[in-house]
Amino acid sequence: MPEHEFFTFREYMRKDRELLSASAEDYMEMIFRLSGENGFTRVNDLAAALNVQPPSVTKMIQKLADMNLIKYEKYGVIMLEPNGTELGKALLNRHNLIERFLTVLGIKDGLLEGTEKMEHTISNEILIGIHDLIDFLNDNPEIMKKFLAYRSAKNKS
């Protein structure tokens with residue numbers, strides 16, 4: 450897609466069909482989170498964490514297993530394959546970075562929802578920029594303090 454042309458949101462999202470769906474990304478991120486302590490998770494735990502029904506989980510984990518991201522045996526445990534672990538970690542890092550960015554902006558209401566919506570549509574270049582900005586603000590607390598004072602004064606008016 451040429452840079453100067455405009456497309457619908459759906460077309461921008463379709464430009465790279467090799468990517469996982471937003472739903473599949475959510476599953477991989479949550480499997481990574483839940484597998485942290487034991488090295489595995491189960492269908493019912495995953496269903497509860499994502500607020501979905503177990504049959505929905507089974508359908509998705511079969512797809513993820515076909516992609517060699519997880520190991521799963523019917524009625525068994527779900528374990529991440531090495532590339533699934535790498536992907537899950539990257540997805541969690543992306544989630545945490547966006548959440549930190551929104552927190553820096555002072556977003557409180559709808560923080561999780563905003564993070565979830567943004568994380569599936571943001572490019573790597575934008576993520577790198579956000580990461581650099583957060584690092585810059587952490588390395589320059591006086592600027593962060595000025596920004597917070599500015600936001601506070603602006604919100605009072």
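The sequence shown begins at 450 in this note's numbering and counts up one residue at a time.
We put the beta carbon where it would ideally sit given N, CA and C, even for glycine.
Only a predicted model underlies this, so the values are computations on that prediction, with no experimental measurement involved.
Which term fits residue i, buried or exposed, when burial requires 16 or more other beta carbons within 10 angstroms of its beta carbon?
{"i": "residue 568", "result": "buried"}
{"i": "residue 550", "result": "buried"}
{"i": "residue 490", "result": "buried"}
{"i": "residue 578", "result": "exposed"}
{"i": "residue 585", "result": "exposed"}
{"i": "residue 525", "result": "exposed"}
{"i": "residue 600", "result": "exposed"}
{"i": "residue 522", "result": "exposed"}
Could you give the distance in angstroms between the alpha-carbon of residue i and the alpha-carbon of residue j?
{"i": "residue 507", "j": "residue 492", "result": "7 angstroms"}
{"i": "residue 483", "j": "residue 606", "result": "44 angstroms"}
{"i": "residue 588", "j": "residue 582", "result": "10 angstroms"}
{"i": "residue 471", "j": "residue 571", "result": "11 angstroms"}
{"i": "residue 541", "j": "residue 534", "result": "11 angstroms"}
{"i": "residue 603", "j": "residue 580", "result": "25 angstroms"}
{"i": "residue 481", "j": "residue 598", "result": "38 angstroms"}
{"i": "residue 531", "j": "residue 554", "result": "35 angstroms"}
Can you name the start and end residues of the alpha helix (DSSP H) that residue i belongs to?
{"i": "residue 553", "result": "531-553"}
{"i": "residue 492", "result": "492-499"}
{"i": "residue 478", "result": "471-484"}
So, does the CB of residue i fall closer than 7 angstroms to a CB anywhere in chain C?
{"i": "residue 532", "result": "Looking for chain C here will not work: only one protein chain is present."}
Note the first and the last residue of the continuous beta strand (DSSP E) segment covering residue i.
{"i": "residue 523", "result": "Where residue 523 is concerned, there is no enclosing beta strand (DSSP E), given that its DSSP letter is neither H nor E."}
My output table needs one value for residue i: the three-state DSSP class, helix, strand or coil.
{"i": "residue 519", "result": "strand"}
{"i": "residue 507", "result": "helix"}
{"i": "residue 570", "result": "coil"}
{"i": "residue 587", "result": "helix"}
{"i": "residue 487", "result": "coil"}
{"i": "residue 579", "result": "helix"}
{"i": "residue 592", "result": "helix"}
{"i": "residue 605", "result": "helix"}
{"i": "residue 559", "result": "coil"}
{"i": "residue 513", "result": "helix"}
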